[in-house]
Each structure stands twice: as C-alpha cells, then as structure tokens.
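Visitor: Per our numbering: the sequence shown = residues 617 to 827. Note that beta-carbon positions come from the ideal geometry of N, C-alpha and C, so glycine has one too. Here the structure is a predicted model, which is why all the values come from computation and not from measurement.
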Amino acid sequence: MKYKDLEGKAKLEYLWDYYRLPFFAILFSVIMIIWIGTTVWENKNRIIALDLTIVGDYVNPDAVLLLQESLKKAYIEKGIEGEVTVESINLSSNTNPEQQMANNAKFFAKTSSNTIDVIISFADNYKGFAETGLFAPLDEFFATGVLVAEDEAKMYSIQNESTEEKIYGVNVSVNPKLAGLMDPANGIILSICVNSEKRENAIEAMKFILE
Numbered sequence: 617m618k619y620k621d622l623e624g625k626a627k628l629e630y631l632w633d634y635y636r637l638p639f640f641a642i643l644f645s646v647i648m649i650i651w652i653g654t655t656v657w658e659n660k661n662r663i664i665a666l667d668l669t670i671v672g673d674y675v676n677p678d679a680v681l682l683l684q685e686s687l688k689k690a691y692i693e694k695g696i697e698g699e700v701t702v703e704s705i706n707l708s709s710n711t712n713p714e715q716q717m718a719n720n721a722k723f724f725a726k727t728s729s730n731t732i733d734v735i736i737s738f739a740d741n742y743k744g745f746a747e748t749g750l751f752a753p754l755d756e757f758f759a760t761g762v763l764v765a766e767d768e769a770k771m772y773s774i775q776n777e778s779t780e781e782k783i784y785g786v787n788v789s790v791n792p793k794l795a796g797l798m799d800p801a802n803g804i805i806l807s808i809c810v811n812s813e814k815r816e817n818a819i820e821a822m823k824f825i826l827e
C-alpha cells in the first residue's frame with residue numbers, strides 16, 4: 617500500500633518506520649558531536665588524573681562514589697595531581713531505544729577521544745571489547761611484578777587479526793574494594809583502555825584495586 621492511500625495514524629506509523637533508522641543515525645552523530653565538544657571545553661583548564669568508566673546495568677551509585685573517593689585518596693598519597701572521575705554507562709538493551717542510543721554514543725565518543733583510562737565491565741562486555749582491541753595487554757606488568765593477581769583471575773583473550781593470547785583483564789568479582797558495585801554473578805572484569813593517555817595513572821589505579 618502506498619503512502620497516499622493511508623489515513624491518519626497509519627500515515628504516522630508509515631513515516632516512523634521509513635525514517636526511524638536515519639533519525640537514530642543522525643541523533644547518534646549529534647550526541648557524539650555535542651559530547652566531544654562539551655568534554656573538550658570542560659577539560660580545557662582541568663587536570664584529569666584518571667577516567668574510570670564502568671560498563672554495566674544496575675551499577676550502585678553509592679559504590680561508584682566510594683570508589684571515586686578511595687582512588688582520589690590513593691592518588692593524593694602517591695602525589696598524583698588532578699581529578700579522578702568515575703562514572704557508569706549502561707550499554708544493555710534494557711533501556712528505551714533513545715536512552716540506549718545516547719549511552720552507546722557517549723561510550724563511543726569517550727573511547728574515540730581517548731578519554732577513558734580504566735574500564736570495569738561485565739564478562740560478556742569484556743569479551744567483545746577485548747576482541748575488538750579496546751584493551752591494552754597487561755602481560756608485561758604481571759611479568760615484572762608491577763601488577764599482582766592470582767593466575768585464575770587473569771583474563772586471557774585473542775584480539776581480532778591476532779593469534780597470540782594475552783592478558784587483557786583481571787576478574788575482580790570478589791574484590792572487596794568493589795563490593796556492592798555490580799552483580800558479581802555476571803563476572804566483573806578490570807581492564808586498561810589501549811588508548812589511555814595516562815597509562816601510568818591507570819596502572820596505579822589497577823594496583824590500588826588489586827592490592
């Protein structure tokens with residue numbers, strides 16, 4: 617049936633079905649541009665020591681705040697200057713389409729602009745992130761004793777276009793410093809973003825959590 621033959625509500629439904637994908641694509645692009653522009657402007661005169669982003673649904677905001685304050689205190693003791701930001705982004709499909717699109721755009725913008733230093737994610741998210749090359753390999757830091765974790769906690773993965781298995785995360789599901797943050801039944805993985813411009817600070821954050 618052609619558009620001209622439709623009436624009332626049927627016309628609106630036809631238009632929505634026809635323009636839905638272009639609309640969301642434009643919305644995604646607009647959100648990314650606004651977020652990157654806002655971030656650049658806000659960070660112009662700020663010193664950011666660390667950005668830790670938590671990817672998952674049902675993240676406890678009180679635990680997020682506690683983790684942020686703990687990292688701030690640890691950085692002060694280490695003489696590391698700058699702000700520590702900890703925030704969560706829900707990439708699951710249990711939100712409405714508009715919110716999901718906004719969350720995906722924000723996460724993509726943060727990774728594209730090299731904003732994220734450390735990522736905490738559920739095991740399912742970790743697998744996809746690791747395979748696409750989002751995480752930095754940690755083998756060297758474990759080999760030299762900079763990072764310490766039980767062997768069974770080390771998460772080995774193979775990135776796309778590679779045949780070499782490396783450590784890209786640590787299972788911290790039972791870590792007391794992350795207690796109450798997320799549902800441990802889903803597997804909680806700690807990783808460093810491959811494009812982090814503050815790699816030393818990211819390592820310090822991981823060391824603090826793993827101690």
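Cα-Cα, which of Asp673, Leu666, Asp667, Ile664 is closest to Asp799?
Guide: The candidate whose alpha carbon is nearest that of Asp799 is Asp673.
Visitor: Could you tell me if Val786 is buried or exposed, where buried requires 16 or more neighbouring beta carbons within 10 angstroms of its beta carbon?
Guide: Classification for Val786: buried.
Visitor: Along the chain, where does the beta strand (DSSP E) containing Asp667 start, and where does it finish?
Guide: Segment 664 to 671, the beta strand (DSSP E) holding Asp667.
Visitor: Closer than 8 Å is the cut-off here; do at least three beta carbon pairs connect the segment 694 to 701 with the segment 758 to 765?
Guide: Contact fails: fewer than three Cβ-Cβ distances are below 8 Å.
Visitor: Tell me whether Ala752 is buried or exposed, calling it buried when 16 or more other Cβ atoms sit within 10 Å of its Cβ.
Guide: Buried, because 16 or more other Cβ atoms sit within 10 Å of the Cβ of Ala752.
Visitor: Just checking, does the segment 775 to 784 make contact with the segment 704 to 715 on the three C-beta pairs under 8 Å criterion?
Guide: Taking 8 Å as the limit for Cβ pairs, the verdict is that the segment 704 to 715 does not touch the segment 775 to 784.
Visitor: Curious, which full-length beta strand (DSSP E) runs of at least 3 residues does the segment 733 to 763 contain?
Guide: Runs of the beta strand (DSSP E) inside the segment 733 to 763: 734 to 738.
Visitor: With distances taken Cα to Cα, identify the nearest neighbour of Asn802 among Leu826, Asn710, Ala690, Phe738.
Guide: Nearest of Leu826, Asn710, Ala690, Phe738 to Asn802, Cα basis: Phe738.
Visitor: Buried or exposed for Glu820, going by 16 or more other Cβ atoms inside 10 Å?
Guide: Buried: at least 16 other Cβ atoms inside 10 Å.
Visitor: Determine which residues share a DSSP beta bridge with Asn787 and list them.
Guide: DSSP, once it has assigned bridges, lists Ile805 as partnering Asn787.
Visitor: Tell me which same chain residues have a C-beta within less than 7 Å of the C-beta of Gly698, skipping the five on either side of it?
Guide: Closer than 7 Å at the Cβ level, and outside the excluded window around Gly698, lie Ile663, Ile664, Ala665.
Visitor: Based on the DSSP output, what are the partners of Thr701 in its beta bridges?
Guide: DSSP, once it has assigned bridges, lists Asp667 as partnering Thr701.
Visitor: In the DSSP assignment, find the unbroken alpha helix (DSSP H) run with Tyr674 in it and report its ends.
Guide: First-last for Tyr674: undefined, no H or E at that position.
Visitor: What's the C-alpha gap between Pro590 and Asp767?
Guide: Past the edges of the chain, shown from 617 to 827, lies residue 590, and the structure says nothing about it.
Visitor: With DSSP as the reference, label Asn817 as helix, strand or coil.
Guide: Note: Asn817 maps to helix in three-state DSSP.
Visitor: With a CB to CB cut of under 6 Å and the five nearest residues on each side skipped, what residues in its chain are close to Leu681?
Guide: Counting only Cβ-Cβ distances below 6 Å, and skipping sequence neighbours, we find nothing.
Visitor: Have a look at Gln684 and Asn720 and give me their C-alpha separation to the nearest angstrom.
Guide: Using only the alpha carbons, I get a separation of about 23 Å.
Visitor: Of the choices Asn712, Ala679, Phe758, whose alpha-carbon is the least far from that of Ile736?
Guide: Nearest C-alpha to Ile736: Ala679.
Visitor: Taking buried to mean at least 16 other C-beta atoms within 10 Å of its own C-beta, is Ile804 buried or exposed?
Guide: So Ile804 ends up on the buried side.
Visitor: What residue range does the alpha helix (DSSP H) around Met717 cover?
Guide: Met717 -> alpha helix (DSSP H) spans 713 to 728.
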